[in-house]
Structures are given as C-alpha cells and as structure tokens.
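What follows is a single structure, written as structure tokens, with notes after it.
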Amino acid sequence: MNSVKKNAAIIGYGGMGGWHERYFTEKNSDCVNLLGIWDIKESRREAAREKGIYVYSSLDDVLSDERVDFIVIATPNDVHKDIAVAAMKAGKHVVSEKPVTLCSEDLEEMIAASNKYGKVFTTHQNRRWDVDYMMFRDLYRSGKLGMTFTVESRIHGSRGIPGDWRGEKAHGGGMILDWGVHLIDQMLGIVYDKKVKSIYCRCDYITNAEVDDGFKLELYFEDGITAHIEVGTNNFLSMPRFYMTGSSGAAMIGDWREDCRVVLCTEWSEENVVPVVTAAGLTKTMAPRNSKTTKEETISRPESDVHDFYRNFTAAIDGREEQLITHDQLRRCMRIMEAAFESDRLGRPVDFEDIDAPRKN
Ligand code: NAD
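Under our numbering, the letters of the sequence shown match residues 6 to 366, in that order.
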C-alpha cells in the first residue's frame, strides 16, 4: 500500500469526473488526494465549489501547479489526446478516460509523449473489475467447459443513444467508442490466449444517423473460437449478458446482478430421450437434457474493488508495479475498433493482423 498519496486534478467535471471525485473524496481513497478540478463550463465549476472542491482557473493553471502528480481526463473523447500530451509535456502522469482517443494515429502520439517525458500514461478500463466479466474470464481460463467454441457478450438498453456529445461524430460519439471499448477490452481478457484473425461488424443507426447507436461485432479468433459482442440501445427485451459454449458444457450470466450458471455434460449419449413438441412435430435433437446426463453448478460473484485501478496506477508511478492497462493493450483495442468501423463501411469481414502478445490480466 502507498504510504504517500499521489496528488490528482480532474479535467472535465461532468458525469464521470464526478465519479472519480467521489472515489477520491467521499470514499476516502487510500492512494489519491484530490487537489482540484478544471472544467470549461462555469456551471460545472460552480457545482465543484458548492462541494468545497478547489477549482483551477484553466488547464494551464493545473499543469503549472507543481504539487499535481497526475491528471484524470474526463472530458468528451475528442479532446483526450491534446490534454494528455500537454500534461505529459508539463511533467504530469495521465489517466485518460476511455476510449483513450479516437484513432491509432492519436494514440501513438500519446504513447510517444509518455515515452519522451517518462510519464505513466494509461486509460480507465474500469470494467476489468466488473464481477460478471471476472467470472467469465476465470471460467475460460479454468478450461472447465473443455474446448471453447463461442463467447458472447451483450449489453441491451432501450433508451437510444444519449442526447449529448455521444450522438456527435466530432466528439467521438457512438456506441463502439462508448461501450464497445469496454466489451472488446473484456473479450480480449477472456479469450486471452488466442489471436484475432478476422473481424465482422454491422452497426445500427436506429435513433441516430450520425454515429452508431448499437452494433454487432464478431471477432474470429484462431482455433475456431468466435466472440460475439453486441450493444443495443433499442432492445425492449434483453438477451443474456454473457454466454459461452464449450465441448463439455455451457455457461451463462443473465444480467449484471446474477451469478454464473454452468451446465456440464456428464454423459454424452442418452437413452430414451423424451422428444419436445414443436408446431411442425416432435424433435429429439433439440429436446432439453435432464440431470441424468448433465449437472448444474453456480459460480458466485467474486469480491471486486474498482479502486485497485488507482492502487495500481499510483504504484506504477513509484515503479513498484507494472501498469495493468498497457500501451499494447490500448493499441490492440483501438485497432479492433478501427477494423470494426472498416468492416461496417465495406459490409464484409476484414482480416486482422494481431500483433499483441497473450494477456495476463
Ligand atoms: P459529460 O458530458 O458528463 O462530462 C464532460 C465534461 O467535460 C463536461 O462537464 C464538459 O464541460 C467538460 N469539458 C469538455 N471539454 C473540456 C475541456 N477541453 N477541458 C475541460 N473540461 C472540458 O461526459 P461524461 O459522461 O462524464 O464522459 C466523460 C468521459 O468519461 C468520456 O471520455 C467518456 O467516454 C468517459 N466515461 C467513462 C466511463 C467509464 O465507465 N469508464 C463512464 C462514463 C463516461
């Protein structure tokens, strides 16, 4: 544990800036001390003052404060890069909200600044601490389902894309950059040991013509594993959050709040299968199994503390830990999002040259 907390300033005090602030202040962070915030909107600066939080007079004012060890960038996506590069040049370490930025070219500029100025730079991929993800990550790695064939990850809402900058292309709106970046990052943590060979993506434009308000993305991994990632904002019934099939079983998590159900096959062949009645007749092929040839287990939700993100980041500043969310992982995720946009534009799958090493976390 850190003996000396790192001093932070938050740039952009909107929804997510407020989330970081609450973790640093109300939840009594054990590794971060908040010095203040900066936001271009007076109403947001006033909201901070009302909570007794110090408000800087500009970004330059933050960057010239020698006490600030790092900044958290919680602005819309299109300005992450310029703020991050300016901050590292000024000697500050940087946490950028996700998506780290809008394209690989910008990301390379950010990584170059991190290397040039010797500053820790990472992205807040906080959904690595989601317990539903953690259960699926650990299940895949346990090999319990035998040879994995498919992993499916879905988020379904029914309120369209938010009516703010998320609906505007210029600000980096759209669901691939918003939710997609989390779900892709998680999927690469689940199928951690395989390379992506090709990608197919179809975007939805149901409530917004400018940016995608949902998408269906297939990642075709080596060894025949298919990952399906889906975000919908027009789904009045939700499909399960996670689903996985393997040679000896299947697993499912219905929604965020549920445990993980695992059904394992104990005996392949079954005698006296009772057929199921369908409109067109009986079927044994699709008849459900019973407890004679399967057994069901439940994986309970594990403990998780999302503030471990900051414990790792501040330890990385001190050189005590490797940063968990690495530059190579950010590059891989960004290249997959770019390939998804390209596939949607072309209306066909695209090959993917996967240069990233297997992932540990
Ligand atoms: P928001 O619109 O609620 O807040 C953004 C704030 O940034 C606004 O107050 C705005 O005035 C301010 N701002 C804009 N340009 C600025 C600039 N140049 N300098 C200083 N302030 C500026 O948006 P949000 O929902 O808080 O999203 C902010 C970021 O956080 C986005 O990158 C988003 O993708 C990310 N986010 C991450 C998560 C997560 O779970 N990790 C969740 C929500 C949002």
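All C-beta atoms in this analysis are idealised placements derived from N, C-alpha and C, irrespective of residue type, glycine included.
Proximity below 8 Å, CB of residue i to CB of residue j
i: V73; j: L40; result: yes
i: G165; j: T212; result: yes
i: R132; j: H98; result: no
i: K94; j: Y122; result: yes
i: L222; j: N82; result: no
i: H85; j: F314; result: no
i: V281; j: T288; result: yes
i: M192; j: V236; result: no
i: T299; j: C265; result: no
i: V373; j: I204; result: Residue 373 lies beyond the residue range present for the chain, which begins at 6 and ends at 366; the question has no answer from this structure.
i: S372; j: D260; result: In this structure the chain extends from 6 to 366, so residue 372 is not present and cannot be described.
i: P245; j: I234; result: no
i: L335; j: V90; result: no
i: V67; j: Y61; result: yes
i: V156; j: V196; result: yes
i: E215; j: G168; result: no
i: I76; j: A117; result: no
i: I42; j: E26; result: yes
i: F247; j: S147; result: no
Run of the beta strand (DSSP E) containing residue i, from where it starts to where it stops
i: L269; result: C265 to C270
i: N12; result: K11 to I16
i: F75; result: F75 to I78
i: Y248; result: F247 to G251
i: K86; result: No beta strand (DSSP E) holds K86; the alpha helix (DSSP H) holding it covers H85 to K94.
i: F357; result: Per DSSP, F357 belongs to no beta strand (DSSP E) and is neither H nor E.
i: L287; result: G286 to T288
i: R159; result: T153 to H161
i: N38; result: V37 to W43
i: M115; result: Where M115 is concerned, there is no enclosing beta strand (DSSP E), although the alpha helix (DSSP H) it sits in stretches over S109 to Y122.
Beta-carbon contacts of residue i that lie in its chain and below 6 Å, excluding the five residues immediately before and after
i: C208; result: D217, F220 and D349
i: D361; result: D333 and R337
i: G22; result: I15 and A79
i: F241; result: S163
i: E302; result: V267
i: S101; result: I78, H85, A89 and T128
i: D359; result: K200 and V201
Any non-hydrogen atom of ligand 1 closer than 7 Å to residue i Cβ
i: K289; result: no
i: W273; result: no
i: D218; result: no
i: A320; result: no
i: D44; result: yes
i: A13; result: no
i: H312; result: no
i: N213; result: no
i: R49; result: yes
i: L222; result: no
i: E102; result: yes
i: H98; result: no
i: N317; result: no
i: V267; result: no
i: P81; result: yes
i: V84; result: yes
i: N33; result: no
i: D183; result: yes
Residue i, enclosing alpha helix (DSSP H) - first and last residue
i: N213; result: Per DSSP, N213 belongs to no alpha helix (DSSP H) and is neither H nor E.
i: E302; result: Here E302 belongs to no alpha helix (DSSP H); instead the beta strand (DSSP E) covers T299 to I304.
i: W24; result: G20 to F29
i: S101; result: From DSSP, S101 is part of no alpha helix (DSSP H) but of the beta strand (DSSP E) over H98 to S101.
i: M339; result: H332 to L351
i: G194; result: V186 to I195
i: T319; result: D313 to I322
i: M140; result: V136 to S147
Cβ shell of residue i (< 8 Å), same chain only, five flanking positions each side left out
i: N7; result: The predicted position of N7 is uncertain, since its pLDDT is 45 and thus under 50; a value taken from the coordinates is nonetheless stated next. Excluding residues within five positions, the ones whose Cβ falls inside 8 Å are D35, C36, R316, T319, A320 and D323.
i: S5; result: Shown here, the chain extends from 6 to 366; a query on residue 5 therefore has no answer.
i: G194; result: R133, Y138, R142, R364 and N366
i: G151; result: G251, S252, S253 and G254
Beta-carbon contacts of residue i that lie in its chain and below 7 Å, excluding the five residues immediately before and after
i: E227; result: K199, K200 and K202
i: D143; result: none
i: T153; result: Y145, I230, M249 and G251
i: H312; result: Y28 and S34
i: T30; result: L39
i: E347; result: V355
i: G17; result: D44, I78, A79 and T80
Flag this pair as touching only if the stretch 175-194 and the stretch 288-296 have three or more C-beta atom pairs under 8 Å; answer yes or no. no
For the pair the stretch 341-359 and the stretch 138-158, tell me if three or more CB-CB distances fall below 8 Å. no
Using a Cβ distance threshold of 8 Å, determine whether the stretch 108-122 contacts the stretch 45-64, with at least three qualifying pairs required. no
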